[in-house]
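K.L.:
Take the sequence shown: its position 125, counting from 1, is numbered 539 in my numbering, and each next residue is one higher.
All C-beta atoms in this analysis are idealised placements derived from N, C-alpha and C, irrespective of residue type, glycine included.
Here it is, the structure, as structure tokens.
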Amino acid sequence: GPGGGPMSAAPIDPIRLAIPSKGHLYEGIIDILKTAGYKVRRASDRQYEATISGQPRFHVVFMRPTDIVLQVQEGRCHLGVTGMDVYAEQAFEAQEAAVVVPDLGYGGCRLVVAVPESWVDVGHVMDLVDLTAEFKAAGKTFRVSTKYPALVRQYFRKWGIYYYQLIDSEGALELHPSMGIADVIVDLTSSGVTLKDNRLREIGGGIVLESASCLIGHAPSLASLVAEGEPGPLALLLDAMDGVRRSEGLLHLEVVGSAAAPGPETAAAVAEYL
415 GPGGGPMSAA
425 PIDPIRLAIP
435 SKGHLYEGII
445 DILKTAGYKV
455 RRASDRQYEA
465 TISGQPRFHV
475 VFMRPTDIVL
485 QVQEGRCHLG
495 VTGMDVYAEQ
505 AFEAQEAAVV
515 VPDLGYGGCR
525 LVVAVPESWV
535 DVGHVMDLVD
545 LTAEFKAAGK
555 TFRVSTKYPA
565 LVRQYFRKWG
575 IYYYQLIDSE
585 GALELHPSMG
595 IADVIVDLTS
605 SGVTLKDNRL
615 REIGGGIVLE
625 SASCLIGHAP
635 SLASLVAEGE
645 PGPLALLLDA
655 MDGVRRSEGL
665 LHLEVVGSAA
675 APGPETAAAV
685 AEYL
């Protein structure tokens with residue numbers, strides 16, 4: 415309770431930080447942490463746990479980006495680094511997982527609607543309203559391949575697109591239209607080269623989500639870490655990461671809609687948001 419009476423919880427120890435086990439999301443955060451003075455000690459890339467030099471309270475666990483959202487949601491991990499796309503897809507079920515830093519400054523991409531280049535009449539997402547209705551009138555199913563069913567449903571509903579079937583799929587979606595598996599795809603792209611190579615193109619209004627790597631946290635745990643104040647591990651970590659951004663222009667640290675303030679203020683902003 416207020417005043418740190420008998421109600422105040424014991425500090426969280428260890429603070430479990432979940433990090434993607436491989437790939438660019440892994441490399442990016444390891445770099446940022448190292449530059450910020452938080453060197454992750456991982457014996458080998460087959461190990462699923464690590465420590466941080468000189469930071470005894472932090473315990474690092476490595477897992478898949480999708481699992482990170484779940485572990486943070488359930489409070490088994492207190493902080494996690496994942497893709498905003500992965501977080502947003504699961505956010506509908508993950509009320510306890512809060513975004514601390516929406517963009518860590520790397521891993522930028524966007525989730526887009528891509529149609530075959532040959533569809534000259536389809537220039538904007540509005541054109542899909544008519545097209546899906548035409549498919550339905552002709553007794554055909556308009557098929558959409560994606561790995562982000564929840565985001566696609568929400569996005570199509572916003573545009574008033576109702577007649578379609580989602581093809582939930584792993585693997586390379588870019589091949590689906592040419593193979594006849596789907597009519598269009600909703601997929602991640604950064605440069606757009608892969609789409610072009612597969613004779614697909616983005617359409618106007620077709621950005622479902624702008625994504626980058628982000629830092630998320632378990633809401634009740636965040637509140638407890640924020641309560642430790644300026645000398646607390648969360649404030650110090652955010653401050654150090656923000657310092658990396660300022661010195662290298664690497665990171666764009668923003669907390670819940672406000673420009674980044676120094677660590678303690680940032681931590682307070684997170685607390686307020688919770």
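Give, in chain order, every unbroken run of the beta strand (DSSP E) that is at least 3 residues long and sits entirely within the stretch 491-550.
P.N.:
Counting whole runs of 3 or more residues, the stretch 491-550 contains the beta strand (DSSP E) stretches 493-497, 511-515, 523-530.
K.L.:
Specify the secondary structure class of serine 592 as computed by DSSP and reduced to three states.
P.N.:
Numbered from its first residue, the sequence shown carries residue 592 at position 178. It is helical.
K.L.:
What number of angstroms, rounded off, separates the C-alpha of valine 566 from the C-alpha of isoleucine 575?
P.N.:
Your numbering for residue 566 matches position 152 in the sequence shown. Your numbering for residue 575 matches position 161 in the sequence shown. Their Cα atoms are separated by approximately 10 Å.
K.L.:
Which of the three DSSP states, helix, strand or coil, is assigned to isoleucine 443?
P.N.:
The count along the sequence shown starts at 1 and reaches residue 443 at position 29. Isoleucine 443: helix per DSSP, three-state reduction.
K.L.:
Return the bridge partner residues of serine 627 from the DSSP annotation.
P.N.:
Taking the first residue of the sequence shown as 1, we reach residue 627 at position 213. Bridge partners of serine 627: Gly497.
K.L.:
Spell out a yes or no on whether the stretch 513-522 and the stretch 532-540 are touching, meaning 3 or more CB-CB pairs, one atom from each, closer than 8 Å.
P.N.:
With the cut-off at 8 Å, the stretch 513-522 and the stretch 532-540 do not touch.
K.L.:
Can valine 515 and leucine 629 be called in contact, C-beta distance under 8 Å?
P.N.:
By one-based count along the sequence shown, residue 515 stands at place 101. By one-based count along the sequence shown, residue 629 stands at place 215. Result yes, Cβ atoms of valine 515 and leucine 629 sit closer than 8 Å.
K.L.:
To the nearest angstrom, how far is the alpha carbon of phenylalanine 549 from that of methionine 540?
P.N.:
Translated into positions along the sequence shown, residue 549 becomes position 135. Translated into positions along the sequence shown, residue 540 becomes position 126. About 15 Å.
K.L.:
Pick from Pro470, Gly643, Gln485: whose alpha carbon is nearest that of methionine 477?
P.N.:
Numbered from 1 along the sequence shown, position 63 holds the residue referred to as residue 477. Checked all of Pro470, Gly643, Gln485; the closest Cα to methionine 477 is Gln485.
K.L.:
In whole angstroms, what separates the C-alpha of threonine 603 from that of alanine 551?
P.N.:
For this step, residue 603 is matched to residue 189 along the sequence shown. For this step, residue 551 is matched to residue 137 along the sequence shown. Those two C-alpha atoms are separated by around 32 Å.
K.L.:
Could you give the distance in angstroms between the alpha-carbon of glutamate 584 and the alpha-carbon of threonine 560?
P.N.:
Indexing the sequence shown from 1 puts residue 584 at position 170. Indexing the sequence shown from 1 puts residue 560 at position 146. Computed Cα separation, rounded: 8 Å.
K.L.:
Rounded to whole angstroms, what is the Cα-Cα separation between leucine 439 and alanine 432?
P.N.:
Counted from its first residue, the sequence shown places residue 439 at position 25. Counted from its first residue, the sequence shown places residue 432 at position 18. Taking the straight line joining both Cα atoms gives about 12 Å.
K.L.:
Does the stretch 597-615 come within contact of the stretch 444-462, defined as at least 3 CB pairs closer than 8 Å?
P.N.:
Judged by Cβ distances under 8 Å, the stretch 597-615 makes no contact with the stretch 444-462, as fewer than three pairs qualify.
K.L.:
Classify phenylalanine 570 as helix, strand or coil using the three-state DSSP reduction.
P.N.:
Stepping through the sequence shown from its first residue, residue 570 is reached at position 156. Helix at phenylalanine 570.
K.L.:
I'd like the span of the alpha helix (DSSP H) that includes proline 479, first residue to last.
P.N.:
As a first step, residue 479 must be located in the sequence shown, where it is residue number 65. Per DSSP, proline 479 belongs to the alpha helix (DSSP H) from 479-487.
K.L.:
Would you call the CB atoms of leucine 648 and leucine 639 closer than 8 Å?
P.N.:
Residue mapping note: residue 648 aligns to position 234 of the sequence shown, counting from 1. Residue mapping note: residue 639 aligns to position 225 of the sequence shown, counting from 1. Yes. Within cutoff.
K.L.:
Please name the residue in Gln579, Asn612, Gly620 whose C-alpha comes closest to that of glycine 553.
P.N.:
Within the sequence shown, numbered from 1, the residue matching residue 553 stands at position 139. It is Gln579 whose Cα lies nearest to the Cα of glycine 553.
K.L.:
Quick check: the stretch 496-510 against the stretch 442-451, are there 3 or more CB pairs under 8 Å?
P.N.:
Short answer: they don't touch.
K.L.:
So what does DSSP say about serine 635, is it helix, strand or coil?
P.N.:
The sequence position of residue 635 within the sequence shown is 221, counting from 1. Three-state result, serine 635: helix.
K.L.:
Residues in its own chain within less than 8 Å of alanine 626 by CB, not counting five upstream and five downstream?
P.N.:
Residue 626 sits at position 212 when you count from the first residue of the sequence shown. Correct list, in chain order: Gly497, Met498, Pro516, Asp517, Leu518, Gly519, Tyr520, Gly521, Gly522, Cys523.
K.L.:
On a CA-only basis, which of Leu623, Asp656, Glu488, Asp481 is nearest serine 635? Give me that one, please.
P.N.:
In the sequence shown, counting from the first residue as 1, residue 635 sits at position 221. Taking only the C-alpha atoms, the option nearest serine 635 is Glu488.
K.L.:
Closest by CA to glutamate 510, which one among Ala633, Val658, Ala641?
P.N.:
The residue labelled residue 510 in the question sits at position 96 within the sequence shown. Of the candidates Ala633, Val658, Ala641, the one whose C-alpha sits nearest the C-alpha of glutamate 510 is Ala633.
K.L.:
By the DSSP assignment, the beta strand (DSSP E) with leucine 602 in it spans what residues?
P.N.:
As a first step, residue 602 must be located in the sequence shown, where it is residue number 188. Note, leucine 602: beta strand (DSSP E), 598-603.
K.L.:
To which residues of the same chain is isoleucine 426 closer than 7 Å at the C-beta, ignoring the five residues directly before and after it?
P.N.:
To locate residue 426, count along the sequence shown from 1; it is residue 12. Cβ neighbours of isoleucine 426 beyond the five flanking positions: His492, Ser635, Ser638, Leu639.
K.L.:
Give me, in chain order, the residues of the same chain whose beta-carbon lies closer than 8 Å to that of arginine 490; leave out the 5 immediate sequence neighbours on both sides.
P.N.:
Mapped onto the sequence shown, residue 490 falls at position 76. Contacts found: Arg430.
K.L.:
Of the residues Val513, Val527, Ile444, which one's Cα is nearest the Cα of proline 591?
P.N.:
Along the sequence shown, read from residue 1 onward, the residue named residue 591 stands at position 177. Nearest of Val513, Val527, Ile444 to proline 591, Cα basis: Val527.
K.L.:
Per DSSP, what kind of secondary structure is glycine 437 in: helix, strand or coil?
P.N.:
Within the sequence shown, residue 437 is the residue found at index 23, counting from 1. If DSSP states are grouped into helix, strand and coil, glycine 437 belongs with the helices.
K.L.:
With DSSP collapsed to three states, give me the class of leucine 667.
P.N.:
As a position in the sequence shown, residue 667 is number 253, starting the count at 1. Bear in mind that a pLDDT of 43 at leucine 667, under 50, signals an unreliable position, so the number given afterwards is only what the model happens to contain. Looking at leucine 667 - three-state DSSP - the assignment turns out to be coil, as it is neither helix nor strand.
K.L.:
Quick one: measure Cβ to Cβ for proline 428 and arginine 471, integer angstroms, because I've assumed they're closer than 8 Å.
P.N.:
Position 14 of the sequence shown, counting from 1, holds the residue named residue 428. Position 57 of the sequence shown, counting from 1, holds the residue named residue 471. That belief holds up - the Cβ atoms of proline 428 and arginine 471 are roughly 6 Å apart, short of 8 Å.
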